[in-house]
Every structure is written in structure tokens, then in C-alpha cells.
Amino acid sequence: PGYKENAGIFCHTNPWIMIAETIAGDGDAAHDYYLRINPSAREPLADLHRCEPYVYAQMIAGRDAAAHGEAKNSWLTGTAAWNFVAITQHILGLRPTLDGLQVRPVIPKGWPGFTATRLFRGVAYHIRVERTGPGHAVQLMMDGQPIAGDVVPPPAAGRASVNVHVRLG
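Going by my numbering, the first residue of the sequence shown is number 1381, and it counts up by one from there.
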């Protein structure tokens, strides 16, 4: 008892709450969950947690386990991959689609913006997000030209990079 399906605490699903918060439009809550489940947030519990401070665990032993609170299967989990998806595709909002690269950030209110480079279909997208007001509406420009909607279409064949400016708010 207390391990895995028998009352263990699975970490694999934690990023899904971050994704849900971004769908609900709450970047502050999504970022707060990220900060709390980040492996470095467990450092004060290192003696109990007994997991490498730089990896996600699959599960944490539950209350009925002999080693309650101990992390298990740190390298055997989808937790890291799901956190990557939650952070890059939902909080930062850089999501690949069939029509191009969707840019729909749901970042915390206190962030003035961010810069990122996203490789997509062999093209380097140099992205600069600038918060211009409250909310999550986006205005996109690619190489100085306005784009309708929130999807940056693929550039002309042969282009190695594009510059994307995002006004958020």
C-alpha cells in the first residue's frame, strides 16, 4: 500500500493542471503550479524525497507506504515531457499546428514579456513577446508585417529564420 496505484501520488498528471489553468486564462495560477512542482522546489525535503534535485519523479510514496514522501522512478516517467509541453506550448504559448506556429501566450500578469527561439519545420522563429495590457489577446507581426489571428504561417521556401513580434494584452 502507498505505492503507485495503491495510494501513491502520481506526478505525471501535475502538468495537466497547468495546461487547464492556461485554457482558463490564468497564467498566474499555471506559473504557480510550475514553481511548486519544479524539482528544485523539493530541495527543502531532500532528505525525505531522496530524488535527484534536477529530475521529475513518476510518483511519490503515499501515506500508507513504508517510505512515505519518497520519490520513485525518477527517470521512468512522462512527467518531464508533460512539463515541457505545459511550459512551452501553453504558458509560453508556442504550439505547432498544421497551418503554422501558433503563438498564444498565457503568461503571469507580472511578466513584461519574454523572448524565445523556436525551431519549427527547419526554420528558426525568433519570438519577442511584449505585454501591452491586461489579458491574452495577441497581435502578431512576422518580419514587420501584420498577421491576422494567432498562427504564424510557414515562411517562403528557403528561409532559415523569421522574426515574430507579439503584442499581448
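C-beta atoms are modelled at their ideal positions from N, C-alpha and C, and glycine is treated no differently. Just so it is clear, the structure is predicted and the values come from calculations on it, not from any experiment.
Original post:
Under a three-way DSSP split, which group does N1463 fall into?
Top reply: Helix, per DSSP.
Subject >> Extent of the continuous beta strand (DSSP E) to which T1393 belongs >> reply: Going by DSSP, T1393 is part of no beta strand (DSSP E) at all; its letter is neither H nor E.
Original post:
Can you list the alpha helix (DSSP H) stretches of 4 or more residues lying completely in the stretch 1422-1460, in chain order?
Top reply: List check, alpha helix (DSSP H) in window: 1426-1429.
Original post:
Should V1483 and G1493 be called a contact, given that it needs their Cβ atoms to be closer than 7 Å?
Top reply: Contact: no.
Subject >> P1474 - partner residues in DSSP beta bridges >> reply: Looking at the sequence shown, residue 1474 is not Pro but Leu. Its beta-bridge partners are V1483.
Original post:
Which stretch, first to last residue, makes up the alpha helix (DSSP H) that contains A1409?
Top reply: Its alpha helix (DSSP H) spans residues G1407 to I1417.
Subject >> Integer Cβ distance of R1511 from L1548, believed to fall under 8 Å >> reply: Sure, about 5 Å apart at Cβ, within 8 Å.
Subject >> Exposed unless 16 or more other CB atoms sit within 10 angstroms - verdict on W1396 >> reply: That one is exposed.
**OP:** Flag this pair as yes or no: are the beta carbons of A1437 and S1454 separated by less than 7 Å?
**Re:** Contact annotation: A1437 and S1454 have beta-carbon atoms nearer than 7 Å.
**OP:** Using the Cα positions of P1381 and T1393, report the straight-line distance between them to the nearest angstrom.
**Re:** Taking the straight line joining both Cα atoms gives about 20 Å.
Subject >> CA nearest to the CA of R1539, picked from E1423, Y1505 and A1528 >> reply: Among E1423, Y1505 and A1528, the Cα nearest to that of R1539 is on Y1505.
Subject >> is_contact[S1454, chain C] using C-beta, thresh 7 Å >> reply: No chain C is part of this structure, which consists of one protein chain only.
Original post:
What is the rounded straight-line gap between the Cα of W1491 and the Cα of V1544?
Top reply: So the alpha carbons of these two residues sit roughly 18 Å apart.
**OP:** Let me know the secondary structure DSSP gives E1385 once reduced to three states.
**Re:** Per DSSP, reduced to three states, the secondary structure at E1385 is coil, with no helix or strand assignment.
Subject >> Segment limits, beta strand (DSSP E) that includes Q1519 >> reply: Start and end: V1518 to M1522.
Subject >> G1513 to I1487 span [Cα, whole Å] >> reply: Spanning the two alpha carbons is a distance of roughly 12 Å.
**OP:** Tell whether a beta-carbon distance below 7 Å holds between D1523 and V1503.
**Re:** The answer is no: Cβ separation not under 7 Å.
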